[in-house]
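Each position in the sequence shown, counted from 1, maps to that position plus 121 in the numbering used here.
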Amino acid sequence: MNREQELTHLFRREGLTPAVADLFRRIVYDWYASQRRELPWRETFDPYAILVSEIMLQQTQVERVREKYPTFLAEFPNLRALAAAPLERVLAAWQGLGYNRRAVNLKRCAEAVVASLGGELPADPNELVRLPGIGTYTSRAVAAFAFNTPLPFIETNIRSVYIHHFFADQSSIHDRDLMPLIEQTLDRDNPREWYYALMDYGSHLKRLHGNPSRRSSHHTRQTPFKGSNRQVRSRILRAVLENPGISRDALEKAVGASSEIVGKNLEQLAAEGFIVSRGPGYRIL
């Protein structure tokens, strides 16, 4: 019987005892000791730099973030620099990451921190979560990675680990069933390294076992980017960034979509604070 089988056997027979939790942590840490990913945001304790990485990593592949992260930080090295920058510059630096709303929210967060908190991100996740664009996961991730605060949280790779080891024969697993296990197995002495280990191990399990998170009740399949409305929005923003004041007719040609689709997206982008119509053309707000 290998250690994974032993863990499954003991958990089914005894539940999550301290011995079972310890075995689980050893399995994760032993794998991580030789397979750890070297990622630039893991080399810093700067809360701002960690926040940037967390926002970038939402729904974006690690390799793409690895490429864009250092250049974004070079241009906006701290919250004050980001808050003071024109939105046009921020969106231009964000190009290639997709989901541009995240860049707008990150800038709004920076503006709020500079205006109300002296330019320093708070360590308390209850304060972090009140900032624009920061949800429960991001607030706790920043607290763990920047301040080593031991709080339970979940994301897709972490979810895969717990489903694989503790819910092997089940489907439609809710996060409320996973969170008590995450809290009870948390390495409270070093939550930062523990969560990095879980994320790397979960990424490995996805490649090895075809993504255990598909058995989660929260799993949704991302729609293809090509031909989607997200692609239309991206093309509109790129065209406006490259040609400030671009006309509606020129936009439709650049985007390659119907007047109706372009018009609908222009209205949405304006309502969301991305662009503004000035005179005959469009500019970043």
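Glycine residues also receive a C-beta, built at the ideal position from the N, C-alpha and C atoms.
Owing to the predicted nature of the structure, the values given are computational and were not obtained by experimental measurement.
Going by other Cβ atoms of all chains shown within 10 Å of its Cβ, with 16 needed for buried, is aspartate 290 buried or exposed?
With fewer than 16 other Cβ atoms inside 10 Å of its own Cβ, aspartate 290 counts as exposed.
Between Ala391, Glu135, Tyr403, Gly400, which lies nearest to arginine 222 when the distance is taken from Cα to Cα?
The candidate whose alpha carbon is nearest that of arginine 222 is Ala391.
Separation of arginine 187 from isoleucine 284, as counted between CA atoms
Roughly 28 Å separates the two Cα atoms.
Say whether chain B places a C-beta atom closer than 7 Å to the C-beta of glycine 394.
Going by chain labels, chain B is absent from the structure shown, which holds only one protein chain.
Put valine 173 into one of helix, strand or coil per three-state DSSP.
The three-state secondary structure of valine 173, taken from DSSP, is helix.
Quick check on serine 337: does DSSP put it in helix, strand or coil?
DSSP places serine 337 in the strand class (E or B) of the three-state scheme.
What runs of the alpha helix (DSSP H), each 4 residues or longer, lie entirely inside the region 131-214?
With a minimum length of 4 residues, the continuous alpha helix (DSSP H) runs that stay inside the region 131-214 are 139-156, 168-178, 183-196, 200-205.
Which same chain residues end up closer than 6 Å to phenylalanine 288 when comparing Cβ atoms and leaving out the 5 residues on each side of it in sequence?
Cβ neighbours of phenylalanine 288 beyond the five flanking positions: Ile294.
Contained alpha helix (DSSP H) runs [length at least 4] in the region 216-290, N- to C-terminal order
With a minimum length of 4 residues, the continuous alpha helix (DSSP H) runs that stay inside the region 216-290 are 222-237, 246-249, 257-268, 277-287.
Would you say leucine 252 and alanine 233 are within 7 Å of each other, going by their C-beta atoms?
Annotated as proximal: leucine 252 and alanine 233, with beta-carbon spacing under 7 Å.
Residue closest to isoleucine 275, alpha-carbon to alpha-carbon, out of His130, Ala204, Trp215, Asp298
For isoleucine 275, the nearest C-alpha among the options comes from Asp298.
Hey, is the region 347-362 in contact with the region 305-313, meaning 3+ C-beta pairs nearer than 8 Å?
Not touching, per the Cβ criterion.
Are the CB atoms of glycine 323 and isoleucine 279 nearer to each other than 7 Å?
Yes.
Cβ pair alanine 267, proline 365 closer than 7 Å:
Cβ distance not < 7 Å, so alanine 267 and proline 365 don't count as in contact.
Assign phenylalanine 145 to buried or exposed, taking buried as 16 or more other Cβ atoms, counted over all protein chains shown, within 10 Å of its Cβ.
By the neighbour-count definition (other C-beta atoms within 10 Å, threshold 16), phenylalanine 145 is a buried residue.
Contact check, serine 281 vs leucine 218 under 8 Å by CB: the rounded distance?
Between serine 281 and leucine 218 a beta carbon distance of about 23 Å is seen, past the 8 Å cut, so the two are scored as non-contacting.
Return yes when the Cβ of valine 235 is within less than 7 Å of the Cβ of alanine 195, no when it is not.
With respect to the 7 Å criterion, alanine 195 and valine 235 are not classified as neighbours on the basis of their beta carbons.
Identify the continuous beta strand (DSSP E) that holds arginine 404 and give its terminal residues.
Here the beta strand (DSSP E) through arginine 404 covers 402-405.
Can you tell which of Tyr317, Ser292, Leu358, Leu372 has the C-alpha that lies nearest to the C-alpha of arginine 336?
Of the candidates Tyr317, Ser292, Leu358, Leu372, Ser292 places its Cα closest to the Cα of arginine 336.
Among Val225, Arg147, Ala202, the one whose alpha carbon lies nearest that of isoleucine 176
The shortest Cα separation from isoleucine 176 among Val225, Arg147, Ala202 belongs to Val225.
I'd like to confirm the pairing. Which residues does DSSP put opposite serine 398 in its beta bridges?
Answer is Tyr403, bridged to serine 398.
With distance defined between alpha-carbon atoms, name the residue in Leu160, Asp151, Phe166 nearest to leucine 178.
Among Leu160, Asp151, Phe166, the Cα nearest to that of leucine 178 belongs to Leu160.
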